[in-house]
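Numbering (my numbering), first residue to last: 794 to 918.
From the three backbone atoms N, C-alpha and C, an ideal C-beta is built for every residue, glycine too.
If you're wondering where the values come from, they're calculated on a predicted model, not measured in any experiment.
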């Protein structure tokens, strides 16, 4: 007859040998500690990794910089592009009429900063 044979070891008093409650609790504590360390590492990696949202925001800021570089002028304005709130501030750089410092910042729907771009551009006009 095909079947699984289970070998049960008994001590001399006729009791089945098993783990004590203390051993089970200690093993559970060790498992919880290892799991919490793994979750902390995972959360840190998720927070610091390049997300698709950050890459998209950087691309949008570079496109905005190209538009500003075509005709730079002193301004401070906000706009919305692809669900991102873009804040643009263009100031003169070192009181030079041909140099402009452009600060672009992208925020998501939760008003958290996603990307930032600071650039000095030259206007030859």
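Assignment of beta-bridge partners to residue 822 by DSSP yields no partner. Annotated as distal: residue 867 and residue 895, with beta-carbon spacing of 8 Å or more. For residue 845, the closest C-alpha among the options 908, 897, 914, 917 is that of 908.
Residue range 845-863 is occupied by the alpha helix (DSSP H) that includes residue 850. Counted as a single uninterrupted DSSP element, the beta strand (DSSP E) harbouring residue 912 occupies residues 906-915. Minimum Cα-Cα distance from residue 874 among the listed residues 838, 850, 863, 821 corresponds to 850. For residue 798, the secondary structure class from DSSP, reduced to helix, strand or coil, is coil.
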